[in-house]
Amino acid sequence: MSKMVSEKDIAEFGELWALMYCTFAREMVDTFGEEGKEALIRAVKAYGKARGERLRKRHEKQGLPINMRSLFENYDLPGHPDTEKDRKKFTDNFLESYTYVCPYERLWRDKQCNDVGLIYCQYFHHAFWQTYRPDIDVQIPEILTKDDPHCLFLVSQPKDES
């Protein structure tokens, strides 16, 4: 008998993941200093690339075009239900999205992990989305873990030839 996954389950899983990242990342940086930080950056990038490759292969198998619309409308994980975001503009070639509340950032801040959380925020999305489609441009000029009032995602791709 299978159980439906609830939003509460998704939230719990997400928070446990954020706690695990915080714990591992904090230990790497505190124990190994700059070398640990560099290793963490490599690990975050590798994780992003692995997710990008995995999702691209899934979409190719499903016959979906490899573009921003497929990426953001058929994402690989559900979002945390407590995330507060607003997609101001979403077209085939451009996304402008603001995240005002990120439960992971809140957990990291509470656990004194905002510095290692910032590493995740600065490197993961670029690695994931640009591996999914290499000509996607990812700009994140404002980030909650940098004490900005929100995260601002500006993502674009060249127009696909029809």
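In the working numbering, each number is its position in the sequence shown, counted from 1, plus 1166. We put the CB at the ideal spot given by N, CA and C, even for glycine. Everything numeric in this text was worked out from a predicted model, so none of it was measured.
Does the region 1183-1191 come within contact of the region 1277-1294, defined as at least 3 CB pairs closer than 8 Å? yes
Quick check on DSSP: helix, strand or coil for Cys1279? coil
Just the C-alpha distance for Glu1178 and Arg1272, rounded to the nearest angstrom, thanks. Answer to the nearest angstrom: the Cα atoms are 14 Å apart.
Taking the alpha carbon of Arg1235 as the reference point, which residue from Arg1275, Asp1248, Ile1302, Cys1279 has its own alpha carbon closest? Nearest C-alpha to Arg1235: Ile1302.
Taking DSSP as the reference, what is the three-state secondary structure of Leu1243? DSSP, read as helix, strand or coil, puts Leu1243 in coil.
I need the straight-line Cα distance from Glu1262 to His1291, nearest angstrom please. In a straight line, the C-alpha of Glu1262 is about 14 Å away from that of His1291.
Is Pro1269 helix, strand or coil when you go by DSSP? helix
In its own chain, which residues sit with a C-beta less than 6 Å from the C-beta of Asp1258, not counting the 5 before and 5 after it? Within the same chain, Cβ atoms closer than 6 Å to the Cβ of Asp1258 are found at Arg1235, the five residues on either side in sequence being excluded.
When you compare the region 1217-1228 with the region 1307-1317, are there three or more beta-carbon pairs, one atom per stretch, that lie closer than 8 Å? No: the two stretches stay apart, fewer than three of their Cβ pairs being nearer than 8 Å.
Considering only their Cβ atoms, is the gap separating Thr1297 from Gly1214 smaller than 9 Å? yes
Nearest neighbour of Trp1295, chosen from Gln1278, Thr1197, Asp1242, Lys1254 [CA to CA]: Asp1242
Go ahead and pull the three-state DSSP assignment for Ser1263. strand
Please determine whether the Cβ atom of Pro1324 lies at a distance below 8 Å from any heavy atom of the ligand MG. With respect to the ligand MG, the structure offers nothing, as it holds no ligand at all.
Name, in chain order, the residues that DSSP records as bridge partners for Asp1339. There is simply no residue 1339 to check, as the chain begins at 1167 and stops at 1328 in what is shown.
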